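Chains as they are written, first to last, in this note's numbering: chain B, 119 to 689; chain X, 119 to 689. Glycine included, C-beta positions come from ideal geometry on N, C-alpha and C. Values in this document were obtained by computation on a predicted structure and should not be read as measured data.
2 protein chains.
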Amino acid sequence: MRLALAQLNTLVGDLAGNGQSILEAARQANRNHADLLITPELSLWGYPPRDLLLQQERVEQQGAILDGLCQALAREQLHLSILIGAVEPTGDGFRPALYNAVVLVEATGWRPVARKQLLPSYDVFDERRYFRPGDEPCLLSLPNGVRIGLTICEDLWVDPSLQGGRLAGPDPVAALIAEQPDLMINLAASPFSADKPALRDALAAQAAQRLGCPVVYLNQVGGNDELVFDGASFVVDARGSKQLQLQSCGEDLQTWTLSDRLNDGSASTSASQLSPADNSDPLELLFRVLVLGVRDYTRKCGFQRALLGLSGGIDSALVAVIAAAALGAENISALLMPSPWSSQGSIDDAEALATRLGLTTSTLPIQGVMEAFDPALEPALGGAPSGVTAENLQSRIRGTLLMAVANQQGQLLLTTGNKSELAVGYCTLYGDMNGGLAVIGDLYKTSVFALCDWIDSAQASACRASFDLPHQGDLIGEEIRLKPPSAELRPDQKDSDSLPDYPLLDGLLRRMIEDRVSESTLIADGADPVLVQRIAGLLKRAEFKRRQAAPLLKVSPQAFGSGWRLPIASS
Amino acid sequence: MRLALAQLNTLVGDLAGNGQSILEAARQANRNHADLLITPELSLWGYPPRDLLLQQERVEQQGAILDGLCQALAREQLHLSILIGAVEPTGDGFRPALYNAVVLVEATGWRPVARKQLLPSYDVFDERRYFRPGDEPCLLSLPNGVRIGLTICEDLWVDPSLQGGRLAGPDPVAALIAEQPDLMINLAASPFSADKPALRDALAAQAAQRLGCPVVYLNQVGGNDELVFDGASFVVDARGSKQLQLQSCGEDLQTWTLSDRLNDGSASTSASQLSPADNSDPLELLFRVLVLGVRDYTRKCGFQRALLGLSGGIDSALVAVIAAAALGAENISALLMPSPWSSQGSIDDAEALATRLGLTTSTLPIQGVMEAFDPALEPALGGAPSGVTAENLQSRIRGTLLMAVANQQGQLLLTTGNKSELAVGYCTLYGDMNGGLAVIGDLYKTSVFALCDWIDSAQASACRASFDLPHQGDLIGEEIRLKPPSAELRPDQKDSDSLPDYPLLDGLLRRMIEDRVSESTLIADGADPVLVQRIAGLLKRAEFKRRQAAPLLKVSPQAFGSGWRLPIASS
Chain B
119 MRLALAQLNT
129 LVGDLAGNGQ
139 SILEAARQAN
149 RNHADLLITP
159 ELSLWGYPPR
169 DLLLQQERVE
179 QQGAILDGLC
189 QALAREQLHL
199 SILIGAVEPT
209 GDGFRPALYN
219 AVVLVEATGW
229 RPVARKQLLP
239 SYDVFDERRY
249 FRPGDEPCLL
259 SLPNGVRIGL
269 TICEDLWVDP
279 SLQGGRLAGP
289 DPVAALIAEQ
299 PDLMINLAAS
309 PFSADKPALR
319 DALAAQAAQR
329 LGCPVVYLNQ
339 VGGNDELVFD
349 GASFVVDARG
359 SKQLQLQSCG
369 EDLQTWTLSD
379 RLNDGSASTS
389 ASQLSPADNS
399 DPLELLFRVL
409 VLGVRDYTRK
419 CGFQRALLGL
429 SGGIDSALVA
439 VIAAAALGAE
449 NISALLMPSP
459 WSSQGSIDDA
469 EALATRLGLT
479 TSTLPIQGVM
489 EAFDPALEPA
499 LGGAPSGVTA
509 ENLQSRIRGT
519 LLMAVANQQG
529 QLLLTTGNKS
539 ELAVGYCTLY
549 GDMNGGLAVI
559 GDLYKTSVFA
569 LCDWIDSAQA
579 SACRASFDLP
589 HQGDLIGEEI
599 RLKPPSAELR
609 PDQKDSDSLP
619 DYPLLDGLLR
629 RMIEDRVSES
639 TLIADGADPV
649 LVQRIAGLLK
659 RAEFKRRQAA
669 PLLKVSPQAF
679 GSGWRLPIAS
689 S
Chain X
119 MRLALAQLNT
129 LVGDLAGNGQ
139 SILEAARQAN
149 RNHADLLITP
159 ELSLWGYPPR
169 DLLLQQERVE
179 QQGAILDGLC
189 QALAREQLHL
199 SILIGAVEPT
209 GDGFRPALYN
219 AVVLVEATGW
229 RPVARKQLLP
239 SYDVFDERRY
249 FRPGDEPCLL
259 SLPNGVRIGL
269 TICEDLWVDP
279 SLQGGRLAGP
289 DPVAALIAEQ
299 PDLMINLAAS
309 PFSADKPALR
319 DALAAQAAQR
329 LGCPVVYLNQ
339 VGGNDELVFD
349 GASFVVDARG
359 SKQLQLQSCG
369 EDLQTWTLSD
379 RLNDGSASTS
389 ASQLSPADNS
399 DPLELLFRVL
409 VLGVRDYTRK
419 CGFQRALLGL
429 SGGIDSALVA
439 VIAAAALGAE
449 NISALLMPSP
459 WSSQGSIDDA
469 EALATRLGLT
479 TSTLPIQGVM
489 EAFDPALEPA
499 LGGAPSGVTA
509 ENLQSRIRGT
519 LLMAVANQQG
529 QLLLTTGNKS
539 ELAVGYCTLY
549 GDMNGGLAVI
559 GDLYKTSVFA
569 LCDWIDSAQA
579 SACRASFDLP
589 HQGDLIGEEI
599 RLKPPSAELR
609 PDQKDSDSLP
619 DYPLLDGLLR
629 RMIEDRVSES
639 TLIADGADPV
649 LVQRIAGLLK
659 RAEFKRRQAA
669 PLLKVSPQAF
679 GSGWRLPIAS
689 S
């Protein structure tokens, strides 16, 4: 039996368009003589559909799309079955009103064949808002006698020892053991975070060994708002050895043959083990995920071009490189907006980077606008703004210039702030936080340095070339990578005037954010009590800024954004 | 048996402070000879605690606080028991790791006595993110022989015919019928929306009749970020007639005696039925809810003073009145920021309103800053900004002035936009959307008019006086209430140049937002197809703005904010 795995990049909510992509994949799978085409979780909807699932008429539209697919299979004589991720109404009038389901589509008709049993409602996931859990193992018996166990994404995440805690509820893999399936398929929509690829491999391998059969793990690919799905679908045999690996960060369609011999779990393993994914270098994978996230958000929002402010610092330099890789340097404009406090070095560094990348730049000095604000504010302040107010004002002038250019020229403004800044509030709301997408908002400053070092390394050369970036020599450049970080909002300002060194700061922030550890534990573990209290206070007080921050590309297990839900007015 | 109902206003996450408030209520209840003190759902935490519940050490802290309360009862010889809303760890290592529980606290110790069975995970609620459902009826038998059925908030919301759909799961009220309780208590944290007070009354009355016993409905009060809890707790007898009514929008502590005769459901009903709540006028209640929301958000965030921009239009006028009622006119500053396109009428109207209210004002003309931006943008745009870009620029200049003053003077900036604008994107991100709290962001423009008409009516006089507002004659004024809405961002601009009349627009928006109805249904129902498509397109395209909007006070069943979760890049 021949399987085709369609690792699709869908547009959320576009049932008709996604159905068309599935049909296109079916045509190709048919040409490749596949018997069964597999698509990702909720492939008809794109994941996550969020509150689009509450639009009753959209749910009703789904039936017509599935009917149309059946008719197309018949009309075009495509002799294969398709597993499609879709919703199934519970029909009993209670809320939530849907199951997260798999339907089997054939020329003769379609029917639901599986319901998701473990519904993630943690981090960025809200599945209990929309779905009721299924309560039975899902076994699909095909006319050819092959018995397929079906699970949906979280249904595979059942081993606390691998993943660190699991959802309460049934073990959908265990429930399949008694059914002795010939194959288990997991339809997934699993967003990237750095720890995920290895985890998915381990969970699938373990399930294969428990069930004594191969496992197909099929993930969605593409960026949907803050989430980037890296794809990297694969097949493991009954011993858990990789038999097929689809690419990371791109659409892919591959076929794989389930042979009878595979079922005994012994003789089948290929001698040549495949690598876990295309990219074993975590920094390369991170780079490619960010590029995919920027490209998809920009294009799926209807933009062709993007804009950013280029300060000469490392954050905006990294965003410029990612944006050029995502959209082509010819589609990226950069504004240099020097103030009287900007160093000549920063201006030179920004210009040199733009030249290396081939970006269009304009230089807009802000002194004239700064000088106009002082008398404008005089009636309220009785003088010119001072201190942090004056610093914020510069940032907001730049943010306003960026938005004016983006509005007039129809570009998406990219935000260049990093996670360390967002954590402690070292950023200006309505200023440098302006933008439609925060590209590196989930990268601590130390990760920004590491990624830039990698970009300038020889190891990145092939990756840079694959994105039509200059691939020889430095791209970011030592001047930018090695200088002390500074916001340059007052003379000779350095980040280190206000914040501890980034390795120390990021270490504390990781414990507070990723591990949600309290000040007292950090102090008990030996951290400086004064520093810990100060950073914890900054983290809490910046919540109001994060609430109004641009969507940011999640690449860590705990990003700010929809998976971080803290009250503002609280103790 | 004498019950005390403590309608508390807690600070989210402040377990120690909230515990102290409960102890203070216990002292007062003891003075009033109460046997049992009842506090709201999660009263030790404040509702909603959100991701504070994921901080393991905070959960552990709870035990020490409860121990301390027991010791205080013993030390102070307070001879009463307390029902406290708290969390109960499941202890099995799976996620979610908590129950939403009730603990009984006495001088001799404390113990969990109830677990919430129906966990709301719709609209603004995410309880499945944190809690596992309880699965059994909760009956508390006191030493004096009284048998109390315990339910927590949503556990009472079990009649689809009253509330329009219900959660799948058990009926916790039905499960208590066989237990024949003498009393049912519902500990609630039910945020205000206009339909809620009558619904709560109906649900409690129905439960009383089903159980044949009185029902105590005890709600939290106070503003917590976007949610405003209106309190309005009450007791109904076994026939569903009101026996006690606590106030709306304020802390309250009342005692009520459960007599044996009440249990037979016949002879007990007082002849004098109480009114459903202090305020039967929905507009008065709406006003008081908004005032409470502004006051609590401001103070719980640590501010004493607030700032707003006063345009002479009706939205900022309404926000100014609400803010003055919430914080006192002496704590409100207003900026007038006329441009060359501002009419003299608007400036006069804004000044006259500020005078009537007694606000501090400053006038900051923006022409100078506007003129400075044109040459600053020239290198990028090759000329001055035009069209919508120029309009947005004026709004962002004003937003930047407001933030500079708020930063320098330590005020909370209040946002003045309404729901109609937020819906169609008739507002400027990083401009007039700037602020820490969107006071009327859940009021359609037609509701803004209605509320302002009420404020200027004779019916509002007593309410205005209660907030130390001028209570005679017009406060908003006819000039502001009756003039055609205009953003005044270009000469002679009117909202009606860009948008349909507000009654028509708001009617369509209500169907699209509150009912999540599609364009095709609206058109089938007779709406103008071109208009419907245009408004639906605007609604969708403004999602990116709403994602970065300030928290807004929810007063409707479907507000923008945390209960509105749509993708941005979608179809």
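{"Item": "Heavy atom of the ligand GTP within 6 Å of residue 544/B beta-carbon", "Value": "Annotation note on the ligand GTP: not contained in the displayed structure, which lists no ligands."}
{"Item": "Residues bridged to residue 479/B (per DSSP)", "Value": "452/B"}
{"Item": "Assigned exposure category for residue 244/B - 16 Cβ within 10 Å defines buried", "Value": "buried"}
{"Item": "Any chain X beta carbon closer than 7 Å to residue 381/B", "Value": "Unreliable positioning characterises residue 381/B in this predicted model, as indicated by a pLDDT of 47, which lies under 50. The coordinate reading is nonetheless provided below. No - not a single Cβ of chain X is within 7 Å of the one on residue 381/B."}
{"Item": "is_contact[residue 559/X, chain B] using C-beta, thresh 7 Å", "Value": "no"}
{"Item": "Minimum Cβ-Cβ distance from residue 686/X to chain B less than 7 Å", "Value": "yes"}
{"Item": "Buried or exposed by the 16-neighbour rule on C-beta atoms within 10 Å, applied to residue 193/X", "Value": "exposed"}
{"Item": "Under 8 Å by beta carbon: chain C residues contacting residue 131/B", "Value": "Judged by its chain identifiers, the structure shown contains no chain C, and its protein chains are B and X."}
{"Item": "Chain-order list of residues whose beta-carbon lies under 7 Å from that of residue 135/B (same chain, five-residue window excluded)", "Value": "129"}
{"Item": "Span of the beta strand (DSSP E) around residue 199/X", "Value": "199 to 207"}
{"Item": "Alpha-carbon to alpha-carbon, residue 205/X and residue 552/B", "Value": "39 Å"}
{"Item": "Sequence-distant residues of its chain with Cβ nearer than 7 Å to residue 407/B (five each side left out)", "Value": "310, 346, 348, 367, 673"}
{"Item": "Run of the beta strand (DSSP E) containing residue 335/B, from where it starts to where it stops", "Value": "333 to 337"}
{"Item": "Expected contact under 8 Å - CB spacing of residue 159/X and residue 306/X to nearest Å", "Value": "5 Å"}
{"Item": "Any chain B beta carbon closer than 7 Å to residue 249/X", "Value": "no"}
{"Item": "Test: residue 482/X CB closer than 7 Å to a CB of chain B", "Value": "yes"}
{"Item": "Selection from 518/X, 515/X, 556/X, 560/X that minimises the alpha carbon distance to residue 537/X", "Value": "560/X"}
{"Item": "Closer than 9 Å at the beta carbon, the chain B residues around residue 160/X", "Value": "Chain B residues near residue 160/X: none, gap ~12 Å exceeds 9 Å."}
{"Item": "Length at least 3, wholly inside the segment 497 to 543 of chain B: the beta strand (DSSP E) runs in chain order", "Value": "530 to 533"}
{"Item": "Residue 140/B to residue 425/X span [Cα, whole Å]", "Value": "54 Å"}
{"Item": "From 124/B, 203/B, 689/B, 125/B, residue whose alpha carbon lies closest to that of residue 415/X", "Value": "689/B"}
{"Item": "Per-residue contacts from residue 77/B into chain X (C-beta, under 9 Å)", "Value": "Absent from the model: residue 77/B. The displayed extent of chain B is 119 to 689, so no value can be given."}
{"Item": "DSSP beta-bridge partners of residue 302/X", "Value": "267/X, 333/X"}
{"Item": "Boundaries of the alpha helix (DSSP H) in which residue 249/X is found, first to last residue", "Value": "Counting along the chain, residue 249/X falls outside any alpha helix (DSSP H), and DSSP gives it neither H nor E."}
{"Item": "Minimum Cβ-Cβ distance from residue 175/X to chain B less than 7 Å", "Value": "yes"}
{"Item": "Under 9 Å (Cβ pairs) to chain B, residues found in the segment 464 to 476 of chain X", "Value": "none"}
{"Item": "Straight-line gap, residue 477/B to residue 435/B (C-alpha atoms, nearest Å)", "Value": "11 Å"}
{"Item": "Option nearest residue 665/X by Cα separation, candidates 604/X, 621/X, 608/X, 547/X", "Value": "547/X"}
{"Item": "Min CB distance residue 418/X to chain B below 7 Å", "Value": "yes"}
{"Item": "Positions along the segment 503 to 521 of chain B whose CB lies within less than 9 Å of some CB in chain X", "Value": "503, 504, 505, 506, 507, 508, 510, 511, 514, 515, 517, 518, 519, 521"}
{"Item": "Candidates 647/X, 400/X, 217/X: closest to residue 177/X by CA position", "Value": "217/X"}
{"Item": "Residue 274/B versus residue 322/B: straight-line alpha-carbon distance, rounded", "Value": "7 Å"}
{"Item": "Environment of residue 600/X [buried if 16+ CB atoms lie within 10 Å]", "Value": "exposed"}
{"Item": "Contacts of residue 307/B in chain X (Cβ-Cβ under 7 Å)", "Value": "Here the premise fails: no neighbours, minimum Cβ distance about 13 Å."}
{"Item": "Where residue 256/X sits in the DSSP three-state scheme", "Value": "strand"}
{"Item": "Integer Cβ distance of residue 369/X from residue 127/X, believed to fall under 8 Å", "Value": "5 Å"}
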